[in-house]
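Undergrad:
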Amino acid sequence: AQKVTQAQTEISVVEKEDVTLDCVYETRDTTYYLFWYKQPPSGELVFLIRRNSFDEQNEISGRYSWNFQKSTSSFNFTITASQVVDSAVYFCALKPISSGSARQLTFGSGTQLTVLP
Amino acid sequence: ETGVTQTPRHLVMGMTNKKSLKCEQHLGHNAMYWYKQSAKKPLELMFVYNFKEQTENNSVPSRFSPECPNSSHLFLHLHTLQPEDSALYLCASSQGAQTYEQYFGPGTRLTVT
Numbered sequence: 533a534q535k536v537t538q539a540q541t542e543i544s545v546v547e548k549e550d551v552t553l554d555c556v557y558e559t560r561d562t563t564y565y566l567f568w569y570k571q572p573p574s575g576e577l578v579f580l581i582r583r584n585s586f587d588e589q590n591e592i593s594g595r596y597s598w599n600f601q602k603s604t605s606s607f608n609f610t611i612t613a614s615q616v617v618d619s620a621v622y623f624c625a626l627k628p629i630s631s632g633s634a635r636q637l638t639f640g641s642g643t644q645l646t647v648l649p
Numbered sequence: 860e861t862g863v864t865q866t867p868r869h870l871v872m873g874m875t876n877k878k879s880l881k882c883e884q885h886l887g888h889n890a891m892y893w894y895k896q897s898a899k900k901p902l903e904l905m906f907v908y909n910f911k912e913q914t915e916n917n918s919v920p921s922r923f924s925p926e927c928p929n930s931s932h933l934f935l936h937l938h939t940l941q942p943e944d945s946a947l948y949l950c951a952s953s954q955g956a957q958t959y960e961q962y963f964g965p966g967t968r969l970t971v972t
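One line per chain: the protein sequences are H and X, in this order.
Sequential numbering of the first sequence, starting at 533, is according to our numbering.
Sequential numbering of the second sequence, starting at 860, is according to our numbering.
Quick look at the structure:
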């Protein structure tokens, strides 16, 4: 069984501050994918990134960056120079890579990020 | 229309009503999913369809009945629901069921009175 823990339930920052959202996972699978999704107030989950367990290179996309540390089973997400539009619930998720029946996404409970003007 | 669409966006129903939620994906994907999102709880996977065949039923009560007539459409038929079934119901699709990221619709906010 797998588990994804997002210990921060709510975070508030002031615009232009940097913020890091933590994600820790547990799995017995040796190969898996990790994901981050954003859920704005409109409700739709927006896919942000997918990382393979065998690729520990950090990734940067604009103001977003992700730090994958397999040794600590963490996949943290940093927003640089936060903006009000970043306010949303952010979900981390894990999915085993298996050739058998489809094993599905396990989501964390989410972190509500509020960016104040 | 692009992406994944869901109708209706909001639904209020009594416990004796029968209603259906509709999901349509315009991405050419082969797998579709229903999730339930309740307040303060992680997303719960309900059903998975891959090439129109149900591949996963996550111990969902029979008052929820899915239907997948083709790879682009997914329905969730509701009957005799309970107030605790009130939640946001999200539909998602992915290119395949195993290794691909899922794309979500905006959800249907369901209230059972």
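C-beta atoms are modelled at their ideal positions from N, C-alpha and C, and glycine is treated no differently.
Using a beta-carbon distance below 7 Å, is serine 574 (chain H) in contact with chain X?
TA: In the first sequence, residue 574 (chain H) corresponds to position 42, counting from 1. With 7 Å as the cut-off, serine 574 (chain H) counts as an interface residue toward chain X.
Undergrad: Looking only at its own chain, which residues have a Cβ that is under 7 Å from the Cβ of valine 616 (chain H), when we skip the five neighbours before and after it?
TA: The sequence position of residue 616 (chain H) within the first sequence is 84, counting from 1. Taken in chain order, the residues that qualify are Glu547, Val647 and Pro649.
Undergrad: Three-state secondary structure (DSSP) at serine 918 (chain X)?
TA: Counted from its first residue, the second sequence places residue 918 (chain X) at position 59. Coil.
Undergrad: State the start and end residues of the unbroken beta strand (DSSP E) segment that holds tyrosine 565 (chain H).
TA: Indexing the first sequence from 1 puts residue 565 (chain H) at position 33. Tyrosine 565 (chain H) -> beta strand (DSSP E) spans 564-571.
Undergrad: Go ahead and pull the three-state DSSP assignment for serine 544 (chain H).
TA: The count along the first sequence starts at 1 and reaches residue 544 (chain H) at position 12. Strand.
Undergrad: Using the C-alpha atoms, what's the distance from asparagine 889 (chain X) back to glutamate 576 (chain H)?
TA: Position 44 of the first sequence holds residue 576 (chain H). Position 30 of the second sequence holds residue 889 (chain X). Roughly 20 Å between the two C-alpha positions.
Undergrad: Could you say if the region 941-957 of chain X and the region 874-883 of chain X meet the contact criterion of at least three C-beta pairs nearer than 8 Å?
TA: yes
Undergrad: For threonine 552 (chain H), name the three-state secondary structure that DSSP assigns.
TA: Within the first sequence, numbered from 1, the residue matching residue 552 (chain H) stands at position 20. In this structure, threonine 552 (chain H) counts as strand in the three-state DSSP scheme.
Undergrad: State the DSSP-derived secondary structure class of threonine 604 (chain H), mapped to helix, strand or coil.
TA: Along the first sequence, one-based indexing puts residue 604 (chain H) at 72. If DSSP states are grouped into helix, strand and coil, threonine 604 (chain H) belongs with the helices.
Undergrad: Go ahead and pull the three-state DSSP assignment for proline 649 (chain H).
TA: Start at 1 with the first residue of the first sequence, and residue 649 (chain H) comes out as number 117. Note: proline 649 (chain H) maps to coil in three-state DSSP.
Undergrad: Just the chain X side, please: which residues come within less than 9 Å of phenylalanine 609 (chain H) by C-beta, in chain order?
TA: Within the first sequence, the letter at position 77 stands for residue 609 (chain H). Under the 9 Å cutoff, chain X gives no residues; its nearest Cβ is about 15 Å from phenylalanine 609 (chain H).
Undergrad: Name, going along the chain, the residues of the region 906-921 of chain X whose beta-carbon falls closer than 7 Å to a beta-carbon of chain H.
TA: Val907, Asn909, Thr914 and Glu915
Undergrad: When the Cα atoms are used, what is the spatial distance from proline 928 (chain X) to serine 614 (chain H)?
TA: Residue 928 (chain X) sits at position 69 when you count from the first residue of the second sequence. Residue 614 (chain H) sits at position 82 when you count from the first residue of the first sequence. Computed Cα separation, rounded: 43 Å.
Undergrad: Does arginine 582 (chain H) get closer than 7 Å to chain X when you measure Cβ to Cβ?
TA: Numbered from its first residue, the first sequence carries residue 582 (chain H) at position 50. Chain X, which has a Cβ nearer than 7 Å to the Cβ of arginine 582 (chain H), makes this yes.
Undergrad: Secondary structure at serine 633 (chain H), three-state DSSP: helix, strand or coil?
TA: The sequence position of residue 633 (chain H) within the first sequence is 101, counting from 1. For serine 633 (chain H), the predicted model reports a pLDDT of 47, less than 50, meaning its position is unreliable and no value from the coordinates is stated.
Undergrad: What's the call for threonine 970 (chain X), buried or exposed, on a 16-neighbour Cβ count within 10 Å?
TA: As a first step, residue 970 (chain X) must be located in the second sequence, where it is residue number 111. When all chains shown are included, threonine 970 (chain X) counts as exposed.
Undergrad: Taking the C-alpha atoms as reference points, what is the distance between lysine 900 (chain X) and threonine 866 (chain X)?
TA: On the second sequence, residue 900 (chain X) is found 41 positions in, with the first residue counted as 1. On the second sequence, residue 866 (chain X) is found 7 positions in, with the first residue counted as 1. Computed Cα separation, rounded: 23 Å.
Undergrad: Could you tell me the alpha carbon to alpha carbon distance between asparagine 608 (chain H) and threonine 875 (chain X), rounded to whole angstroms?
TA: Residue 608 (chain H) sits at position 76 when you count from the first residue of the first sequence. Residue 875 (chain X) sits at position 16 when you count from the first residue of the second sequence. As the crow flies, the alpha-carbon of asparagine 608 (chain H) is around 45 Å from that of threonine 875 (chain X).
Undergrad: One question on the structure: do glutamate 588 (chain H) and lysine 602 (chain H) come within less than 7 Å of each other, judged by their Cβ atoms?
TA: Your numbering for residue 588 (chain H) matches position 56 in the first sequence. Your numbering for residue 602 (chain H) matches position 70 in the first sequence. A contact, by the Cβ cut-off of 7 Å.
Undergrad: Within its chain, find whatever has a CB closer than 8 Å to the CB of serine 633 (chain H); leave out the 5 residues flanking it on each side and keep chain order.
TA: In the first sequence, the residue the question calls residue 633 (chain H) occupies position 101. In this prediction, serine 633 (chain H) scores a pLDDT of 47, lower than 50, which makes its location untrustworthy; the coordinate-derived value is nonetheless stated afterwards. If we look at serine 633 (chain H) and ignore the five residues flanking it on each side, it has no Cβ neighbours.
Undergrad: Among X:Leu902, X:Lys895, X:Asn909 and X:Met905, which one has its Cα closest to the Cα of glycine 887 (chain X)?
TA: The sequence position of residue 887 (chain X) within the second sequence is 28, counting from 1. Among X:Leu902, X:Lys895, X:Asn909 and X:Met905, the Cα nearest to that of glycine 887 (chain X) belongs to X:Asn909.
Undergrad: For the 8 Å Cβ check, are there 3 or more pairs between the region 916-925 of chain X and the region 960-969 of chain X?
TA: no
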